[in-house]
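Notes follow once the structure below has been shown.
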Amino acid sequence: MSETQYVTQETLEQMKEQLQRMKSVDRPAASKAIAEAREKGDLKENAEYDAAKEAQGLLEAKIAAMEGSLANVRVIDESTIDTSKVSILTTVTMLNLNTKKQVTYKIVSEKEADLKVGKISVSSPIGKGILGKKEGDVAEVQAPAGVLKFKIEKITV
Numbered sequence: 000m001s002e003t004q005y006v007t008q009e010t011l012e013q014m015k016e017q018l019q020r021m022k023s024v025d026r027p028a029a030s031k032a033i034a035e036a037r038e039k040g041d042l043k044e045n046a047e048y049d050a051a052k053e054a055q056g057l058l059e060a061k062i063a064a065m066e067g068s069l070a071n072v073r074v075i076d077e078s079t080i081d082t083s084k085v086s087i088l089t090t091v092t093m094l095n096l097n098t099k100k101q102v103t104y105k106i107v108s109e110k111e112a113d114l115k116v117g118k119i120s121v122s123s124p125i126g127k128g129i130l131g132k133k134e135g136d137v138a139e140v141q142a143p144a145g146v147l148k149f150k151i152e153k154i155t156v
């Protein structure tokens, strides 16, 4: 059984759209590729057929994985989030005491994490280290680069 994933409504919709696209566009395309390869003759020595069958198998595995993920998704209503402490879907502004640089991250599920846009996973070293902290707290985070210290300055949604 998969672990429960907490996501926003927007992410849930993206996941559903991706699954629908795989089923309605990618699956028929894979079947067509197999049919075209089959028409080219002997299946024993038909690399194109083998590749098409393998691609279909990978697609079916992706579809099954996405269906499994969707079965374990829980949508979090952002209006009910407690901003007195760091939790999933809060946006945290903090000061890196090692570099004296201010950073802002939104704490999200693993599915939504994207450091380029300031979203870090709740299960990442920094995410775990600041979870539950309040404004003014200093969090010591064990990261691959060593111990990082962050002072929590602001928590918002």
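Residue numbers for the sequence shown follow numbering that gives the first Met the number 0, beginning at 0 and rising by one.
C-beta: ideal position from N, C-alpha, C; glycine also.
Buried or exposed for Val85, going by 16 or more other Cβ atoms inside 10 Å?
The residue in question, Val85, is buried, as its Cβ has 16 or more Cβ neighbours within 10 Å.
What would DSSP say about Ile75, mapped onto helix, strand or coil?
Of the three classes helix, strand and coil, the one that applies to Ile75 here is coil, per DSSP.
For Gly126 and Val6, I'd like the C-alpha separation in whole angstroms.
Those two C-alpha atoms are separated by around 15 Å.
Taking its Cβ as the centre, do 16 or more other Cβ atoms sit within 10 Å of Leu42, making it buried, or is it exposed?
That one is exposed.
Leaving out five residues on either side along the sequence, give the residues of the same chain with a beta carbon under 6 Å from the beta carbon of Pro143.
Cβ neighbours of Pro143 beyond the five flanking positions: none.
When the Cα atoms are used, what is the spatial distance from Gly135 to Asp81?
For Gly135 and Asp81, the distance between alpha carbons rounds to 16 Å.
Rounded to the nearest angstrom, what separates Val137 and Val116 at their Cα positions?
One C-alpha to the other measures close to 24 Å.
To the nearest angstrom, how far is it from the Cα of Arg26 to the Cα of Glu59?
Roughly 8 Å separates the two Cα atoms.
Of the residues Val91, Asp49, Ser23, Gly128, which one's Cα is nearest the Cα of Ala34?
Checking every option, the nearest Cα to that of Ala34 belongs to Asp49.
Give me, in chain order, the residues of the same chain whose beta-carbon lies closer than 8 Å to that of Glu2; leave out the 5 immediate sequence neighbours on both sides.
Only Asn71 meet the Cβ criterion.
Kindly examine the ligand SAH and report whether one of its heavy atoms sits closer than 7 Å to the Cβ of Glu16.
By its list of ligands, the structure shown contains no ligand whatsoever, and the ligand SAH lies outside what it can speak to.
Which residues bound the beta strand (DSSP E) around Gly145?
Start and end: 145-155.
Output the distance between the C-alpha atoms of Ala28 and Gln8, rounded to the nearest integer angstrom.
Approximately 29 Å, taken between the alpha carbons.
With DSSP as the reference, label Ser23 as helix, strand or coil.
In the structure shown, Ser23 sits in a helix (DSSP, three-state: H, G or I).
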